[in-house]
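Peer 1: Below are the structure tokens for one structure; questions will follow.
4 protein chains.
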Amino acid sequence: MSERTVLMTVADIEALFAATFPQTEGQLVIEAVGPMTARCRLPFANEHLRPGGTISGPSMMRLADATIYVAILAQIGPVAMAVTTNFNINFLRRPAPRDVIAECRLLKLGRRLAVGEITLFSDGDPEPVAHATSTFSIPGG
Amino acid sequence: MSERTVLMTVADIEALFAATFPQTEGQLVIEAVGPMTARCRLPFANEHLRPGGTISGPSMMRLADATIYVAILAQIGPVAMAVTTNFNINFLRRPAPRDVIAECRLLKLGRRLAVGEITLFSDGDPEPVAHATSTFSIPGG
Amino acid sequence: MSERTVLMTVADIEALFAATFPQTEGQLVIEAVGPMTARCRLPFANEHLRPGGTISGPSMMRLADATIYVAILAQIGPVAMAVTTNFNINFLRRPAPRDVIAECRLLKLGRRLAVGEITLFSDGDPEPVAHATSTFSIPGG
Amino acid sequence: MSERTVLMTVADIEALFAATFPQTEGQLVIEAVGPMTARCRLPFANEHLRPGGTISGPSMMRLADATIYVAILAQIGPVAMAVTTNFNINFLRRPAPRDVIAECRLLKLGRRLAVGEITLFSDGDPEPVAHATSTFSIPGG
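Protein chains in written order, with numbering that gives the first Met the number 0: chain H, 0 to 140; chain V, 0 to 140; chain A, 0 to 140; chain F, 0 to 140.
What follows is the structure, encoded as structure tokens:
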């Protein structure tokens, strides 16, 4: 993925998150952004486990929500007040106790609403563990 | 709400969570369970804030997911492996920097699937801040 | 439900639909509108059946989508171009071959977005057969 | 897409629908089935229009729901009683008054649950007009 056509690079977004979401430190690695796309990683940690040794649903929801926010920021720049209005997720398979990778593709980037889909994978496994869609409202749009 | 007809009381579920989800300690107060219902509270903490001073979406998603799980456990007993298969949430208003209350009502409690709706409120405000629906798969059902 | 505080009555909305959605004739009975609410009925017809003798999912989706549109029109008046942006439905029980009743409650009526929940019943049965949530975008808002 | 590895071909499913869903005649063209995929077409007709000259939301929901059902039948054979349990759709752009094409990809085909995503296009336009996800329950699974 080229960063040529994005308004914020990975480094730009990392700096914004460090300033505004310090609590996400160590919980989110932004791997790539591109035209209408983003890829993020949730590093494995015991706090994300649930009984049975799989990654918890809320940890995956947090990752998916962050990844679409990264994709939107990359396209439109630092609009801090863009907010999630709808989030839907289907859990498909029990993820292994490993890193989780989220790949987001924006389906629409309108003046007022952005919609994207996010597919989640256990690191190293091609079968998705979860699939989400989400809508963001863009203020002043 | 009477606890007469439930299989697990608030104290039973608190004990189960302390044993199996120690990371939720201090993040979830189970306030009540009843026939097809549960009410939980997310105590306010700075870690739940996002820029703008409102409670973050993922913190509300975690609360909603826990509250329907509590409602299901109260009805069917300690089935640890019940798992979320679908979760959908609409964010309605920016929640104030206060506790968030989640009220769940189960719409269906079948042999294999349970479905419920969860309404989230800022403590003391009657207007909902978010509304979720969720489906759980019940193993061996 | 009082019609006192609504901007369009049942008769107003029936007239609007007859002019703009003639294809819904006979497929939708608007039973009541009130503050933030609406109730509609899908009259039973063989075309709504699916194998097994139950009402088809798409017929229930059409009814739910129409009912929230009725609720919004009642509150804000004839804004013909309000459009659905998100629709989510959980099917709970197989509906009997009878009329289906939809009850909508708006959870939010903002300047740009309206969100509501719709509960569907088989006529005469208190257990819901389906539950939907939906978001509408209001143009020019 | 090869039909080699599917249990029902396009012709098989057309014959099943003609026998069990005669009301869909003329409303659904099954264009292709393949491993974990299906593609269907909604032929344009005035009854699918809504004010503004665009295809109505319920017509697109019906097409999406039928397309994932076709994809499931192709993989598992004529299990007539497979039923939708959850359906979520985001409407992205106003579709032109033309045929609508739906492309389904199954994300999971389990013993009890199947989950898929469906992307809808106006015929001839590469930008999606809507995107849906849906879960089916498979009886006896």
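We put the beta carbon where it would ideally sit given N, CA and C, even for glycine.
As the structure is a prediction and not an experimental result, all values here were calculated from the model.
If we define contact as Cβ-Cβ less than 7 angstroms, is residue 128 of chain H a contact residue for chain F?
Peer 2: Residue 128 of chain H does not count as touching chain F.
Peer 1: Using a C-beta to C-beta distance shorter than 8 angstroms, which residues of chain A count as neighbours of residue 60 of chain F?
Peer 2: Those within 8 angstroms of residue 60 of chain F in chain A are 57, 60, 61, 64, 86.
Peer 1: According to the neighbour-count rule (16 or more other Cβ atoms, all chains shown, within 10 Å of its Cβ), is residue 110 of chain F buried or exposed?
Peer 2: With fewer than 16 other Cβ atoms within 10 Å, it is exposed.
Peer 1: Tell me which residues share the same chain as residue 1 of chain A and place their Cβ nearer than 7 angstroms to its Cβ, disregarding the 5 neighbours each side in the sequence.
Peer 2: Reliability of the predicted coordinates at residue 1 of chain A is poor, the pLDDT of 45 falling under 50, and no value is obtained from them.
Peer 1: Under a three-way DSSP split, which group does residue 88 of chain V fall into?
Peer 2: In the structure shown, residue 88 of chain V sits in a strand (DSSP, three-state: E or B).
Peer 1: Measure from the C-beta of residue 13 of chain V to each C-beta in chain H and report whether the shortest distance is under 7 angstroms.
Peer 2: Not closer than 7 angstroms to any Cβ of chain H, the Cβ of residue 13 of chain V fails to qualify, so no.
Peer 1: From A:18, A:53, A:66, pick the residue whose C-alpha is nearest to that of residue 50 of chain F; which is it?
Peer 2: For residue 50 of chain F, the nearest C-alpha among the options comes from A:18.
Peer 1: Is the region 70-78 of chain V touching the region 92-100 of chain V, taking contact as three or more C-beta pairs under 8 angstroms?
Peer 2: Short answer: they don't touch.
Peer 1: Between residue 19 of chain A and chain F, is there a C-beta pair that is closer than 7 angstroms?
Peer 2: Yes - at least one Cβ of chain F is within 7 angstroms of the one on residue 19 of chain A.
Peer 1: Distance, Cα to Cα, residue 138 of chain V vs residue 138 of chain F?
Peer 2: Approximately 15 angstroms between the Cα atoms of the pair.
Peer 1: Kindly say whether residue 0 of chain F, judged by its beta-carbon, lies nearer than 7 angstroms to any beta-carbon of chain V.
Peer 2: Legend: pLDDT at residue 0 of chain F = 41, less than 50; position of this residue unreliable, value from coordinates given subsequently. No, its Cβ sits nowhere closer than 7 angstroms to a Cβ of chain V.
Peer 1: Going straight from the alpha carbon of residue 84 of chain V to that of residue 14 of chain A, what length do you get?
Peer 2: Answer to the nearest angstrom: the Cα atoms are 42 angstroms apart.
Peer 1: Does the distance from the C-beta atom of residue 144 of chain V to that of residue 91 of chain V stay below 7 angstroms?
Peer 2: Residue 144 of chain V lies beyond the stretch modelled for chain V, which goes from 0 to 140, so this question has no answer here.
Peer 1: To the nearest angstrom, how far is it from the Cα of residue 5 of chain F to the Cα of residue 37 of chain F?
Peer 2: Looking at the two C-alpha atoms, the distance is approximately 11 angstroms.
Peer 1: Counting only Cβ pairs nearer than 9 angstroms, list the residues of chain V close to residue 134 of chain F.
Peer 2: Here the neighbours are 84, 85, 134.
Peer 1: Please classify residue 1 of chain H: does DSSP put it in a helix, a strand, or coil?
Peer 2: Here the model assigns residue 1 of chain H a pLDDT of 45, short of 50, so the residue's position is not dependable, and the following value carries that caveat. Looking at residue 1 of chain H - three-state DSSP - the assignment turns out to be coil, as it is neither helix nor strand.
Peer 1: Give me whichever residues DSSP pairs with residue 116 of chain V in a beta bridge.
Peer 2: Residue 116 of chain V pairs with V:104, V:132.
Peer 1: Could you name the residues of the same chain whose beta carbon sits closer than 6 angstroms to that of residue 80 of chain H, not counting the 5 residues immediately before and after it, in chain order?
Peer 2: If we look at residue 80 of chain H and ignore the five residues flanking it on each side, its Cβ neighbours are 138.
Peer 1: Note down, one range per segment and in chain order, each beta strand (DSSP E) of at least 3 residues found wholly within the region 22-106 of chain A.
Peer 2: Qualifying beta strand (DSSP E) stretches, in chain order: 28-33, 36-41, 82-90.
Peer 1: Would you say residue 26 of chain H faces chain V, with C-beta separation under 7 angstroms as the test?
Peer 2: Chain V, which has no Cβ nearer than 7 angstroms to the Cβ of residue 26 of chain H, makes this no.
Peer 1: Can you tell me whether residue 132 of chain V is buried or exposed, with buried defined as 16 or more other CB within 10 angstroms of its CB?
Peer 2: When all chains shown are included, residue 132 of chain V counts as buried.
Peer 1: Taking residue 104 of chain A as the query, report the chain H residues whose CB atoms sit under 7 angstroms from its CB, ordered along the chain.
Peer 2: Simply none; closest approach about 18 angstroms.
Peer 1: Contact check, residue 64 of chain F vs residue 86 of chain F under 8 angstroms by CB: the rounded distance?
Peer 2: Indeed, because the Cβ distance is near 6 angstroms, the residues count as touching under 8 angstroms.
Peer 1: Apart from the five residues on each side of it in sequence, which residues of its chain come closer than 8 angstroms, Cβ to Cβ, to residue 27 of chain A?
Peer 2: If we look at residue 27 of chain A and ignore the five residues flanking it on each side, its Cβ neighbours are 16, 39, 40, 41, 62, 65.
Peer 1: To the nearest angstrom, report how far apart residue 120 of chain A and residue 127 of chain A are at their CA atoms.
Peer 2: Roughly 5 angstroms between the two C-alpha positions.
Peer 1: Quick check on this structure: which residue in V:82, V:57, V:20, V:122 has the alpha carbon closest to the alpha carbon of residue 113 of chain V?
Peer 2: Ranking the options by Cα distance to residue 113 of chain V, first place goes to V:82.
Peer 1: For residue 55 of chain A, collect the residues of the same chain with a Cβ closer than 8 angstroms to its Cβ; drop the 5 residues on either side in sequence, then sort them by chain order.
Peer 2: Correct list, in chain order: 47, 48, 49.
Peer 1: At least one CB of chain F closer than 7 angstroms to the CB of residue 16 of chain A: is that the case?
Peer 2: Not one chain F Cβ lies under 7 angstroms of residue 16 of chain A.
Peer 1: Does any residue of chain A have a CB that is nearer than 7 angstroms to the CB of residue 45 of chain V?
Peer 2: So, not an interface residue.
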